[in-house]
Each structure stands twice: as C-alpha cells, then as structure tokens.
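Please read the structure below before turning to the comments.
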Amino acid sequence: MSEGVVTFLLTKLADFLVERGKNLAGVECEVEYISDELEFMTAFLRLGDTMEDSDPVLKCLVKKVRDAAYDTEDALDNFSLSHVSDRGHGIFSCFRKISRSIKDRRARRRIASKIQSIKSRVISVSESHRRYCNKNNIMIQGSSSNSIPRLECQRDALLIEEADLVGIEKPKQQLIEWLLGSKTGREVISVVGMGGLGKSTLVKRVYDDSNVKKHFKFRAWVTVSQSFKREDLLKDMIQQLFRVHRKPDPKGVDSMDYNKLRSVIHEFLQQKKYLIVLDDVWHPSAWHAFQHALPNTICGSRILVTTRNTEVASTSCMDSPDKVYPLNPLSREESRTLFYKKIFQNNTCPPHLKSVSETILDRCEGLPLAIVAISGVLATKDKSRIDEWEMVHRSLGAGLEENDMLMSARKILSLSYNDLPYYLKSCLLYFSIFPVGNRIKRMTLIRLWIAEGFVRGKQGMTVEEVAQDYLNELMKRSLVQVVKTTTDGRVKTCRIHDLLREIMIAMAKDQDFAVIAREEGITWPEKVRRVSIHNAMPKKQRRQVASRLRSLLTFWVADCNYESPARKLFSGRLRLLHVLDLEGAPLKEFPKEIVSLFLLKYLSLRNTKVNFIPSTISQLKNLETLDMKRALVSELPAEIRKLQKLCYLLVYRFEMDSDDRISTKYGFKAPGQIGRLQSLQKLCFVEANQGRNLMFELGRLKQLRKLGILKLKKKHGKALCSSVERLTNLRALSATSITENEIIDLDYVASPPQYLQRLYLGGRMEKLPDWISSLDSLVRLVLKWSQLNDDPLLSLQHLPNLVHLELVQVYNGELLCFQAKGFQRLKFLGLNKLERLRMITVEQGAMPCLEKLIVQSCKSLRRVPSGIEHLSTLKVLEFFDMPKELAMTLHPNGEDGDYLKVAHVPDVYSTFWNNGNWDIFSSLGAKLEDKHSPQLTPRMIKRNYTWK
Numbered sequence: 001m002s003e004g005v006v007t008f009l010l011t012k013l014a015d016f017l018v019e020r021g022k023n024l025a026g027v028e029c030e031v032e033y034i035s036d037e038l039e040f041m042t043a044f045l046r047l048g049d050t051m052e053d054s055d056p057v058l059k060c061l062v063k064k065v066r067d068a069a070y071d072t073e074d075a076l077d078n079f080s081l082s083h084v085s086d087r088g089h090g091i092f093s094c095f096r097k098i099s100r101s102i103k104d105r106r107a108r109r110r111i112a113s114k115i116q117s118i119k120s121r122v123i124s125v126s127e128s129h130r131r132y133c134n135k136n137n138i139m140i141q142g143s144s145s146n147s148i149p150r151l152e153c154q155r156d157a158l159l160i161e162e163a164d165l166v167g168i169e170k171p172k173q174q175l176i177e178w179l180l181g182s183k184t185g186r187e188v189i190s191v192v193g194m195g196g197l198g199k200s201t202l203v204k205r206v207y208d209d210s211n212v213k214k215h216f217k218f219r220a221w222v223t224v225s226q227s228f229k230r231e232d233l234l235k236d237m238i239q240q241l242f243r244v245h246r247k248p249d250p251k252g253v254d255s256m257d258y259n260k261l262r263s264v265i266h267e268f269l270q271q272k273k274y275l276i277v278l279d280d281v282w283h284p285s286a287w288h289a290f291q292h293a294l295p296n297t298i299c300g301s302r303i304l305v306t307t308r309n310t311e312v313a314s315t316s317c318m319d320s321p322d323k324v325y326p327l328n329p330l331s332r333e334e335s336r337t338l339f340y341k342k343i344f345q346n347n348t349c350p351p352h353l354k355s356v357s358e359t360i361l362d363r364c365e366g367l368p369l370a371i372v373a374i375s376g377v378l379a380t381k382d383k384s385r386i387d388e389w390e391m392v393h394r395s396l397g398a399g400l401e402e403n404d405m406l407m408s409a410r411k412i413l414s415l416s417y418n419d420l421p422y423y424l425k426s427c428l429l430y431f432s433i434f435p436v437g438n439r440i441k442r443m444t445l446i447r448l449w450i451a452e453g454f455v456r457g458k459q460g461m462t463v464e465e466v467a468q469d470y471l472n473e474l475m476k477r478s479l480v481q482v483v484k485t486t487t488d489g490r491v492k493t494c495r496i497h498d499l500l501r502e503i504m505i506a507m508a509k510d511q512d513f514a515v516i517a518r519e520e521g522i523t524w525p526e527k528v529r530r531v532s533i534h535n536a537m538p539k540k541q542r543r544q545v546a547s548r549l550r551s552l553l554t555f556w557v558a559d560c561n562y563e564s565p566a567r568k569l570f571s572g573r574l575r576l577l578h579v580l581d582l583e584g585a586p587l588k589e590f591p592k593e594i595v596s597l598f599l600l601k602y603l604s605l606r607n608t609k610v611n612f613i614p615s616t617i618s619q620l621k622n623l624e625t626l627d628m629k630r631a632l633v634s635e636l637p638a639e640i641r642k643l644q645k646l647c648y649l650l651v652y653r654f655e656m657d658s659d660d661r662i663s664t665k666y667g668f669k670a671p672g673q674i675g676r677l678q679s680l681q682k683l684c685f686v687e688a689n690q691g692r693n694l695m696f697e698l699g700r701l702k703q704l705r706k707l708g709i710l711k712l713k714k715k716h717g718k719a720l721c722s723s724v725e726r727l728t729n730l731r732a733l734s735a736t737s738i739t740e741n742e743i744i745d746l747d748y749v750a751s752p753p754q755y756l757q758r759l760y761l762g763g764r765m766e767k768l769p770d771w772i773s774s775l776d777s778l779v780r781l782v783l784k785w786s787q788l789n790d791d792p793l794l795s796l797q798h799l800p801n802l803v804h805l806e807l808v809q810v811y812n813g814e815l816l817c818f819q820a821k822g823f824q825r826l827k828f829l830g831l832n833k834l835e836r837l838r839m840i841t842v843e844q845g846a847m848p849c850l851e852k853l854i855v856q857s858c859k860s861l862r863r864v865p866s867g868i869e870h871l872s873t874l875k876v877l878e879f880f881d882m883p884k885e886l887a888m889t890l891h892p893n894g895e896d897g898d899y900l901k902v903a904h905v906p907d908v909y910s911t912f913w914n915n916g917n918w919d920i921f922s923s924l925g926a927k928l929e930d931k932h933s934p935q936l937t938p939r940m941i942k943r944n945y946t947w948k
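The opening position of the sequence shown corresponds to residue 1 in the UniProt record's numbering, with each subsequent residue numbered one higher.
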C-alpha cells in the first residue's frame, strides 16, 4: 500500500511542477529532490508491503516513508488552496488582487519552509533505507514479487483440513468424473475460488482417491504459490515422477537449466498416462511455465489446476472450457455442520448459544477457513456463558490480531492482497469504508475511485474504462464478489467477503488510509486520510486532524433521528477534502460550508431532502461528480456552467406506480448554454424546457456517454436528432415525451452513434425509426407508449447483440410472431399493456437463448404463446395482471390446458385479479410427473423487476 501512496504522490508532484513550478522559486529543486528519492524507494516499498508484518524495523521505515509522502501531499494541496482565484470587478477587485499578492508571498514562504523540513526527513529516511538494504543484503533493482520469501503455507493449509469432511462430496465426485472420463487427449481441469474455500483440500482428496490412483500410475503434486522458481518446481516434478519407477533422478538434474528440465519431463511422459496437480497458481505466466513440459498425447492424461484467478482458470482450460469448476462457499447447513463439529463433541449446539452461533456464522459467509478459525477460538470459551461468545462476536475484527488461528486465516487471505499491483491495493482497501452487508453500486464505486486519484487514463481508454478494468481484475482474482448483474451482463452491485473486509479495515487503519467511525464522539487518528461514518454523529475534531482529511463518507439508516449533521461535520475546517458523500444524510438544505471546499472533486447529496443548489457552487472548480439522485432539486443555477471539470451530473428522482411497476422520472431544468460543460460524460435527466436551443446545446457535449432527456415534444425532434449524430461517444440514450400521447419524432438520425448499447424511448411514434435496426452494438432496448400499427419485431429481430427487450404499450396489433432465426442472443423479453394482442407465436429457432419472459396487462391474451415449448433455455415465465382464463390453462389439472407446454420451465407464475385481490398460481420447478399433484395454492410473491 505504501508503494501506492508514494507512486500516487510522484504523479501528483510531476503534475504540480508543470502547473505551478514557476511559483515555487527557491524550492523547486527541493521538490525535485524529494521526488527523485521517493521514486528510488518505490521498489523497496513493494518488498516492504509484503514483509513489514514480520519485521518491526522494516515496518517503522515504511511508515516514515509513507508519512513523508502524506506530508508532501498536504504541502502541495495547501499551496494549491492558497492560489484559488477570487475574481471581482472594479475597486473591490483591485483590493482583492493586492490582498491575494500578499497572501501568495506568505504561502510561498510557508511551503518553502515545509518543503525544506520534508527534504531533511526524506534524507534521513533515505539513509536508513540504504543501511537496511545493505545490512539485509537486499538488491533494490531486483526487487519484485518473485523475490519475496515463500510463506510457510503447510501449517496454514492444515487450518482447513478438517473442512474436507463437509460439503466436499459433490465437487469431489464431479472432479473424479472429469478425471476418469473417456477422452483420450490431454485435458486440463481447473478449480477456482477465493482463498480459504478449501480448493487444495478438495483436490488433495481427489488426488488421493483410490480410483484415481489406479487410473493414473504417474502422478505429481506441485505447489506453485506466489513466488516460485520454475527450475526448482520442475526438479521437484522430476523427482516425484521418477520415484514411481524407483529410479534415481537423471544424472546432472541439479545443474540443468529450464529448457533442459522441461525436455526431460516431456520425454519421460511422452507415452504415459499421467496426472499432474499444479496447486495455487496465481498468474497465467506460471501456467505457461509448465504447459509445454507436459505432452499432449492420446494417453488420456490430465492436469488439475487450483487458482484464485479466473483468468488462470480460463487460460489453462482454453481447450476444455467446460472443465472449470468454481468452488462456492458452504451452504448454511454445511457451515453449521462444520461449526458444530469443531466446537461441540456431540455436534449439537446448546439452545442458549444458537442465536449467537447463527450471528457468527453470518460473518463467516460459508468460508471454511473462517469457520474453522473462529470455531477454534470459541472452542476455548466457556460454553455455559453466552457473554463470552457475544464478546467474541463483537470483537471479530480485533480478534484477527489477537488469536493465532485467526492470524493464520488473515495470513492466507492477505496473500491475495500482497500479490496485487499497487494501484489495485488502494482500490481493494477502499472496500473497507462501506458498512458490513452493504451492496456497493458499481458506478458509485468507480466514480469514487476516480475522485480519489486511484485511476489514471490509458491510451485509447477513458478513466472510467480503466477503472472498470481494475474492478474486473479484482473479480478475476476472486477478491470482489458480484452481487447483482443486469440482463445485459453489466455488474450492478458487488461486495467483498466479510472476513476479507475485516482484514482490509485493519490494514486501512494501520496505514492511515481510512478509519471507520461507528460510535458517537469518536476521535479520528491524527494523520488519517479518509473517514467513513456509520450511523454516528462525530464530535468536533481537532483542527490539525480534520485539516488532513481527503475524504468524508457517511452511511445513514433510513430512520435516522439527527436533525442535520452539517454543523458538526464541517466544524473542523475540512479544507483539503476531495470526496464528500452525504448520501442519505438527514439534510433539508444545501450545507453552505460545502462551497468553500475548493479542492472537492466528488459531491453526493443523493437521497436527501435538499431541494436547492446555490449559485456559489461555481466556486467548486475541481468538481467532477455532482450526484443529486433521489434528492428534491428540480433546477440548477446558471453558475453550474463554470464547473469545467464536471464529468457526471446526476439530478433526478423517480416515483413508482405500485400496480404497474412503471417508474415516473422527474429531472431538472438546465440553465442556458449547458453545452459549455465540455467534460460531461453522463447527464441525467435534463428536462426539455428550453426547446430546440437546449437540443442544439446537447450536441456540443462531445464527451457524453450517457444522456437522459425528459418532457420531449414533437417539435424537438430535428434538433435532437442533429445532436445525437454529433455525440459519437454515446453509449446510452434515454428520451421520454412530456405525455404518453405526445409524438417523439426521431426519424432524422442518418448516422447514429455506432457504439450505442442501451436505448430507452418513451413516446408515441408514427413509425419505428429506421436507424434503430442498424445499431449493431445495441444490447438493451426499451420502448414505451409507441402505439405502432406495424409489427416492431420485423425491424428488431436481426439486431446481433440484443439481449434485453421491453415493449410497453408499443403495438396495436393482434398478433406478434417471433420468427425462426430471430433474436438470436435475447435473454429477457417483457411485453406490457399490448391491449389488443390476442396471440403470440414463437417459431422453432427463434430466441434460442431466452431465459426470462414476462407478459403483463395484455388483457386480450388468453393462452400462452404458441410454440413456447421451443424455448428450451427459459428459466422464468411470468404472466402478471392477465385474464383468469390464461391462469387456468396453466393449472396441472386443467382440461385442454397449456401446463405441459411450460412444464420444462423451472419457475412459472400467473397473477390475476380475483374478487378484489391479487391471486397468483405458481408452479415452481414443475415436472411432467406433477400432472396429478394436489391443486396449487394461490399466494402472493414479490416481483423483483421494474418496467423502465
């Protein structure tokens, strides 16, 4: 992590010298010296991040470097703050300029003194650094992850050895079945999952199975791990293989180079059926080091790989992609079995401990490593005293440092963190700021990372795209878990395992990266950079503490009783703040103190009752994100146009109709000349109150990737189409008319944005625009209120990448026909309020990938779609607010019904209005043999989708 702090500072120093170097007369050389020395120490810090826990001297040295970097950043930001311009007019402007000149001279003297002091500290640290390296014989130039000493993993692996008897049979049998399969060519099988799931334990059980031993005479187990020397591991493999023949190792094997060793193995195994386990493979490069040593013959050989990295799994199984086995956490019942087995002799939990046991299991989330480690702690506690168990639960975070077994668990999970490049370490540590159980929104996380400075642009990529790559890499490494995705495959929310989160919290606090304030009146550490407040009102902080903060985030429960946190939050002069997230805070007015945070990049007042933005927001010249989603703001001041760095402008709320589940959006009135905000990438949702002038202005926003417009009228059509053609970077467009009967005229787009992926159009149409059928990148399409007389499916069915289609009040016809070979990638189809629709036909070969079909409020439709039995991939079928006759056709005991046509669908629901109530028939997991089962009982369930 310290490497990341210093590398981030070096980038900031370089930018600072370019922008303000001329203002640093007398100390520019000192700044350059500090930069050079810190850059020299970055390789050493990479080593220190991994070894500091085991070396107190090294830990102290790393802390000194980190503190020097933080202090340098403070000096630079304070200097930048002193140069904030205060423009005015007339005589007052003159006085301000004179005052500013005096302040500038004082600021230069202060920073010169501060820089000199920091330089002296850096010289001292640099000398200590060189002495440490000489004493420990460390070659800085050679420092890399491969030079890190291997950890003693055998003792830690034993920690989860007892987990092998719980929940292991199903994956074990699957792996054995793959190993003993009839394919004669070499196959690679990979087991992938986060650290602590028991991958090695599982594979060891498979490796030692008697049937596997009989099938493969030549076997070898090679533990690769993070740091490895390929020559040493190849020699180990040779020894294991030659031991089968009871023969000595080949002569001169100890002096062979990599290529010779590889040849020996390849030749030895050429005509043999072998099983090689490559355990704990961290990187694709490690797989490639062994891949060509193992011959691909027709003897039926197998290679079994365990890894935390999905990229390793997919790369190694490129020729057998169906042989990737993702190892999942234990089920609740399996977790409980393992937990009780470890603690209670009779595997039965006393009644008085059941509640606290369940709470502790919640924290373990099915991770065998965590269950065994925590149960090891509880096994030493008095089982008659519930208070001791409650104390363990309350102190789970602190317990990581205080208990040997929990420290072993932390050690295993920390391996994944230590293996990360510096820029991903900061991103992973950032998960520590979110409350336990919080489902973290992907785009919110990405915007926060960007504002924090964790993400740097790359050639040909936006900063947002780079951040998305960072998140993908953390998911590939099994560190971040996907909670929810959209139908078109985008991650919507994510999280990290609770035990990993506790480790990140401890690391973040230790490194002054971030601290969590859960209790009222807590005092923040002196040098902490970020504070996350969880349902607690902070007390007034010491000025020197608050003045160092870069980020302040608050997380409030819905029924928070505090009147307004503004006075206490801002009482400490948070002048260097870059990130301020007050989502859900009990605020009714825009806190006036915010406009003095001149370095602020990220401001969120999402889900508050703030209804007005002052004109003084123009002072926030560095603001990149303004998030007012679900607040009450309906108009922005003209001064917003001065925020030239603004990239994300989100100002809207929505209300949901409880019956139709159709959301009504409310946006904001934009000021004139909004096209001056040239950095905007996301603009949602602007009301078309300025007519064609606003439409033309939108065309100036060349960086826009997502645009939402409300209250459109027919007369806006030409101007909007002209602007859409100019927005070549657009990925998502939402356009909705002022009323459902107002026509939106979008026929004038001759050359639509070629990368447009998501399109939402609400309003009457005389015909479907021709250009929609040319959108080869389109993955999601929602049409509402169109009232078309012609079948829209004919124009849409050949869109090559469409996976999500919703049609709401779109078609006035009586028949919809999904033709063969149409909608080849569609996964979700929703049909709503097609009131004249009497029949749906699905030809064989249409929609071969469809997983979810929802038909709602189509009152003339009384039978299920003809040909629905062709949809073999369908998982969910729902009819909502439909005629009772249709529901009756789905009943297993019904005469002349459609039950058999949908029997292959696991989840089938049909909801209809019956005697003043909603009744729902459900056949969950219905099978053909269920035809004579008892009558299904009507019941209500909560639907988990909404119409756009």
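For every residue, glycine included, the Cβ atom is placed at its ideal position computed from N, Cα and C.
**Request:** Express the C-alpha separation of N801 and K199 in angstroms, rounding to a whole number.
**Result:** 36 Å
**Request:** Mind listing, in chain order, the continuous alpha helix (DSSP H) runs of no fewer than 4 residues lying wholly within the segment 769-806?
**Result:** 793-796
**Asked** Where does A517 land, buried or exposed, given buried means 16+ other C-beta within 10 angstroms?
**Response** buried
**Prompt:** Can you name the start and end residues of the alpha helix (DSSP H) that D362 belongs to?
**Reply:** P351 to C364
**For K213, three-class secondary structure by DSSP** = helix
**Nearest neighbour of I744, chosen from F879, R758 and M765 [CA to CA]** = M765
**Asked** Can you give the Cα-Cα distance for Y430 and L294, rounded to whole angstroms?
**Response** 41 Å
**Request:** Per DSSP, which residues does H534 bridge with? Please list them.
**Result:** F555
**Request:** Give every residue of the same chain whose Cβ lies closer than 6 Å to the Cβ of C153, excluding the five residues on either side of it in the sequence, and list them in chain order.
**Result:** Annotation note: pLDDT 44 at C153 (below 50); position unreliable, coordinate value reported separately. The answer is none, since no qualifying residue turns up.
**Item:** For Y423, the first and last residue of its enclosing beta strand (DSSP E)
**Value:** Per DSSP, Y423 belongs to no beta strand (DSSP E); it is in the alpha helix (DSSP H), Y422 to L429.
**Message:** Quick check on L675: does DSSP put it in helix, strand or coil?
**Reply:** The question names Leu, yet the displayed sequence has Gly at residue 675. Reduced to three states, the DSSP call for G675 is helix.
**Request:** Kindly indicate which three-state DSSP category V579 falls into: helix, strand or coil?
**Result:** strand
**Asked** Which two residues bound the contiguous beta strand (DSSP E) that contains Y648?
**Response** Y648 to L650
**Prompt:** Quick check: the segment 199-213 against the segment 331-339, are there 3 or more CB pairs under 8 Å?
**Reply:** no
**Asked** Whose C-beta lies closer than 6 Å to the C-beta of F880 among residues of the same chain, with five residues either side of it excluded?
**Response** Q856 and T911
**Request:** Pick helix, strand or coil for P938, following the three-state DSSP scheme.
**Result:** Summary for P938: the model assigns pLDDT 36, below 50, so the residue's position carries little reliability; its value from the coordinates is reported in the next sentence. Coil, per DSSP.
**Request:** Starting from the N-terminal side, write out each stretch of the beta strand (DSSP E) that is 3 residues or longer and does not extend beyond the UniProt domain "Disease resistance protein winged helix" (433-503).
**Result:** 481-485 and 491-495
**Prompt:** What first and last residue would you give for the alpha helix (DSSP H) that runs through L712?
**Reply:** L712 -> not in any alpha helix (DSSP H); beta strand (DSSP E) instead, spanning K706 to L712.
**Request:** Determine, using beta-carbon pairs with one atom in the segment 166-186 and one in the segment 297-310, whether at least three such pairs fall under 8 Å.
**Result:** yes
**Item:** Cα-Cα separation between K446 and V122, rounded to whole angstroms
**Value:** Rather than Lys, the amino acid found at residue 446 in this sequence is Ile. In a straight line, the C-alpha of I446 is about 33 Å away from that of V122.
**Asked** What do you get for E878, buried or exposed, if any count of 16 or more other CB atoms within 10 angstroms of its CB means buried?
**Response** buried
**Residue from W449, S478 and L479 with nearest C-alpha to E465** = W449
**Request:** State buried or exposed for Q271, treating a residue as buried only when at least 16 other CB atoms are found within 10 Å of its CB.
**Result:** exposed
**Request:** Output the boundary residues of the alpha helix (DSSP H) element that contains Q291.
**Result:** P284 to Q291
**Prompt:** For Q141, does the count of other Cβ atoms within 10 angstroms reach 16, so buried, or fall short, so exposed?
**Reply:** The predicted model places Q141 with a pLDDT of 43, which falls under 50 and marks its position as unreliable; any figure quoted below should be read in that light. Its Cβ having fewer than 16 others within 10 Å, Q141 is exposed.
**Message:** Tell me the rounded alpha-carbon separation between Y909 and F921.
**Reply:** 6 Å
**Request:** Please work out which residues of its chain come closer than 6 Å, Cβ to Cβ, to S773, disregarding the five sequence neighbours upstream and downstream, and give them in chain order.
**Result:** S795
**Request:** Could you name the residues that DSSP lists as bridge partners for C817?
**Result:** T841
**First and last residue of the uninterrupted beta strand (DSSP E) at S910** = D907 to N914
**Message:** With the cut-off set at 8 Å, would you say A688 and L710 are in Cβ contact?
**Reply:** yes
**Request:** Give a yes or no on whether the C-beta atoms belonging to K706 and R676 are separated by under 8 Å.
**Result:** no
**Asked** Helix or strand or just coil, what does DSSP make of N309?
**Response** coil
**Nearest-angstrom beta carbon gap, L582 and T608 [assumed within contact, 8 Å]** = 7 Å
**Asked** How big is the Cα-Cα spacing for F823 and V810?
**Response** 18 Å
**Message:** Considering only their Cβ atoms, is the gap separating I440 from T493 smaller than 8 Å?
**Reply:** yes
**Prompt:** So, do the segment 632-643 and the segment 667-674 have three or more beta carbon pairs nearer to each other than 8 Å?
**Reply:** yes
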